[in-house]
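Working notes for the structure below.
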Amino acid sequence: MTPGIRPLVAGNWKMNGTSASLNELRMIGNGFMSGLDAETEALVCVPATLLAHAAEILSRTPVHAGGEDCHAKESGAYTGCISAEMLKDAGASHVIVGHSECREQRGEDDATVQAKASAAWRAGLVAIICIGETQQQREAGATLDVLSRQVDGSVPPSATPSNTIIAYEPVWAIGTGLTPTVADVAEAHAHIREKLSEKLGSVAAKVRILYGGSVKPSNAVELLGVRNVDGALVGGASLKAADFLGIAEAYRNIG
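Following this note's numbering from start to finish, the sequence shown increments by one per residue and tops out at 560.
This is the structure we're talking about:
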């Protein structure tokens with residue numbers, strides 16, 4: 306945790322969920338209405354087909370609804386794509402950009418990610434900018450160099466704590482069950498904070514840096530208690546209300 310920063314637990318449903326899954330979302334919303342919102346802010350990013358439904362369900366709770374990706378353009382001949390303005394219109398407050406799966410599967414580079422973050426701001430959304438190293442980069446000892454490059458290239462120079470959140474996701478830990486050591490996480494997050502400070506100045510001290518990569522209730526207290534870890538970006542565990550709430554509950558036990 307970082308003193309003075311309100312943590313955020315954010316879910317990313319990825320390409321999962323149908324209307325039948327919305328009951329889990331209702332349970333997540335209800336869970337935060339029981340006082341858990343005093344401990345941490347919460348957000349669930351869902352597929353575009355569910356976003357309007359999710360926003361309506363969560364509007365009666367402290368939990369926000371978000372999008373999983375957006376196009377950099379406001380509109381145009383981009384079949385199958387979704388603009389930040391469309392997400393905003395459907396009820397989103399945040400959008401994930403630069404997720405490792407988009408970088409790897411769609412060939413997104415840092416410039417594309419930065420353009421998407423700027424598009425999110427244009428629409429009035431908070432951009433959650435994802436960065437992180439692959440297994441190959443980790444084994445080559447290049448983790449910090451990769452993070453430096455991604456902060457420099459993916460984060461717009463006018464980023465502020467109110468329009469930007471960073472999510473560090475070691476790619477090799479996503480969906481694998483593998484988790485970095487606490488020391489690894491601490492080193493990565495401290496380095497990201499340092500690079501943000503070099504780029505953004507004093508405002509960087511208040512930018513939230515989430516950890517993403519096989520976060521679950523059993524390791525949440527350990528991971529979320531690390532300095533400069535200001536919350537979590539949760540994948541698979543966000544699909545089940547019990548798991549997502551269990552991760553958020555960790556903040557009751559972090560002093």
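Here a beta-carbon is modelled for each residue, glycine too, at the ideal position from N, C-alpha and C.
All values reported here derive from a predicted model rather than from experimental measurement.
With 16 other Cβ atoms within 10 Å as the buried cut-off, status of residue i
i	result
G403	buried
N328	exposed
D450	exposed
P461	buried
T448	buried
A377	buried
A325	exposed
S339	exposed
P312	buried
Q419	buried
R498	buried
G446	exposed
T481	exposed
E413	buried
A493	buried
E474	buried
Helix, strand or coil at residue i [DSSP, three-state]
i	result
R513	strand
H376	strand
S523	helix
N335	helix
A472	strand
I387	coil
L528	helix
G506	helix
A397	coil
Cα-Cα separation, residue i to residue j
i	j	result
I559	V526	7 Å
A509	L538	19 Å
T384	D374	15 Å
R411	N335	36 Å
A546	L330	7 Å
E444	V487	18 Å
C350	A315	7 Å
S459	I434	7 Å
V476	A382	32 Å
T323	H369	19 Å
S364	K393	14 Å
S405	A495	20 Å
D415	C407	11 Å
Q442	D535	25 Å
Proximity winner among the options, relative to residue i (alpha-carbon distances)
i	options	result
E409	G541, D342, L313 and E438	E438
N524	P475, L483, R427 and K393	L483
L466	H496, A325 and L515	Just to set this straight, residue 466 is Pro in the shown sequence, not Leu. Among H496, A325 and L515, the Cα nearest to that of P466 belongs to L515.
M391	A353, Y473 and D342	A353
P522	Y556, S463, A491 and A432	Y556
K500	V400, L363, D342 and S453	S453
K319	T307, G372, A359 and R365	G372
G506	S463, R513, Y473 and G517	S463
G309	R427, R513 and L430	R513
I436	G429, A422, R427 and A428	A422
A432	S388, M332 and S502	S388
F549	N468, A347 and M306	A347
S503	S519, A491 and D457	Sequence check: residue 503 is Glu here, not Ser. It is D457.
G396	L430, E344 and E413	L430
I479	E492, G517 and I470	G517
S398	C407, L356 and A416	L356
A428	S380, A491, S405 and D415	S380
P367	G541, E474 and L341	L341
N533	I470, A359, E361 and I401	I470
Near the ligand ATP: residue i beta-carbon under 7 Å from a heavy atom
i	result
M306	The ligand ATP is absent from the structure shown, which contains no ligand whatsoever.
Minimum Cβ-Cβ distance from residue i to chain C less than 8 Å
i	result
G371	Of the chains in the structure shown, none is chain C; there is only one protein chain.
Any beta strand (DSSP E) of 3 or more consecutive residues that is wholly inside the region 403–464: Complete beta strand (DSSP E) runs here, min 3: 431–436.
Entirely enclosed alpha helix (DSSP H) segments - the region 349–376, minimum 4 residues: Here the runs fully enclosed are 353–363.
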